[in-house]
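Numbering (this note's numbering), first residue to last: 703 to 882.
Here the structure comes first, spelled out in structure tokens, and everything after it is commentary.
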Amino acid sequence: MLSGGKVGLRARHDDDIPILRAELYDDVVNSSRAEGGPWRPITPGSKDPRLVVDDREQGRVQFSVVELEGGTLVGTATLWGIDTHNRCAHIGLGLLPSSRGKGYGTDVVAVLCHYGFVVRGLRRLQIETLADNAAMLRSAERNGFVREGVLRSSAWVMGEFLDEVLLGLLAEEWKPDARA
Ligand SMILES: CC(C)(COP(=O)(O)OP(=O)(O)OC[C@H]1O[C@@H](n2cnc3c(N)ncnc32)[C@H](O)[C@@H]1OP(=O)(O)O)[C@@H](O)C(=O)NCCC(=O)NCCS
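The following block contains the structure:
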């Protein structure tokens, strides 16, 4: 397991799946905002790749996020689009509604940076998020990510086009223990 100050990132367990499905992916608004695609229901027991991890997949590493104290499941974290030629990847995360606003998101970003830069030897990490996602923007910026651009009207979300912000962090800019 990878540990931060408050949360740990571990492998997906079978009993995480119904909780993540009910609390993250069955929620039409949350899912539409986070997924970059149209919401559709996930059939219980299906092998939906957002929930059921294929360990052979090289381009994506999925974690379940747990509280360090007690081990309660609080969300998901993903390093995706791993490009070993250009040594870059993207970060994604989603916390259960009751676990938001407690500093966990900031901590998850820190742990994903450690995994990307130290464990995987990547040079650049990238995040795309909706321009109105203040908590995600702040979680990224506290870890040193800088805003590199706005993708105007790039996301169709529940009846409207929204802007996305692209943030990047290079290995040499990353300060592991200094969250701004
Ligand atoms: C986005 C998300 C991962 C952030 O994690 P979090 O644990 O809620 O965020 P944190 O508690 O670490 O807060 C980070 C900062 O944002 C601020 N913040 C938290 N919730 C906020 C809100 N709703 N509005 C404005 N600011 C907020 C915090 O005060 C904190 O700022 P500070 O460091 O100056 O004190 C989480 O809210 C989430 O899972 N949301 C739904 C899914 C999602 O949007 N995923 C990202 C898709 S790209």
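No residue lacks a Cβ here, since even glycine has one placed at the ideal position from N, Cα and C.
(message) In this structure, how does DSSP classify VAL755 when only helix, strand and coil are distinguished?
(response) coil
(message) Since THR778 and LEU722 should fall inside the 8 Å C-beta cutoff, what is the C-beta to C-beta distance between them, to a whole number of angstroms?
(response) 6 Å
(request) Report yes if the C-beta of TYR806 is less than 6 Å from at least one heavy atom of ligand 1; otherwise report no. (result) yes
(request) Specify, as a first and last residue, the run of the beta strand (DSSP E) that GLU862 falls within. (result) 862-872
(request) May I ask whether a heavy atom of ligand 1 can be found less than 6 Å away from the beta carbon of MET860? (result) no
(message) Whole angstroms are fine: how far does the CA of ARG762 sit from the CA of ASP912?
(response) What is shown of the chain runs 703 to 882, which leaves residue 912 out entirely.
(request) Using only alpha-carbon positions, find the residue among ASN845, THR780, ASN788 that is nearest to ALA812. (result) ASN845
(request) Identify, in the order they occur along the chain, each residue of the same chain with its Cβ nearer than 8 Å to the Cβ of THR808, setting aside the five sequence neighbours on each side. (result) ARG840, SER841, ARG844, ASN845, ARG881
(request) Taking the CB atoms as reference points, tell me whether ARG735 and VAL859 lie closer together than 7 Å. (result) yes
(request) For GLN764, count neighbouring C-beta atoms within 10 Å of its own C-beta (all shown protein chains included) and say buried if the count is 16 or more, exposed if not. (result) Around the beta carbon of GLN764, 16 or more other beta carbons sit within 10 angstroms, so the residue counts as buried.
(message) Considering only heavy atoms of ligand 1, does any lie closer than 6 Å to the CB of GLY747?
(response) no
(message) Relative to the C-alpha of LEU802, which candidate in LEU704, VAL709, MET703 has its C-alpha closest?
(response) Residue identity check: residue 802 is Arg in the sequence provided, not Leu. Of the candidates LEU704, VAL709, MET703, VAL709 places its Cα closest to the Cα of ARG802.
(request) Round the Cβ separation of CYS790 and TRP876 to the nearest angstrom and send it over; I've been treating them as touching at under 8 Å. (result) Not really, about 13 Å apart at Cβ, beyond 8 Å.
(message) Measuring only from the beta carbon, is THR831 closer than 6 Å to any heavy atom that is part of ligand 1?
(response) At least one heavy atom of ligand 1 is nearer than 6 Å to the Cβ of THR831, so yes.
(request) Output the boundary residues of the beta strand (DSSP E) element that contains GLY794. (result) 790-797
(message) Just checking GLY739 against ligand 1 - is the residue's beta carbon closer than 6 Å to any of the ligand's heavy atoms?
(response) no
(message) Is the beta carbon of GLU866 closer than 7 Å to that of ALA857?
(response) At the C-beta level, ALA857 and GLU866 come within 7 Å of one another.
(request) Check GLY818 in the structure and name its three-state DSSP category. (result) helix
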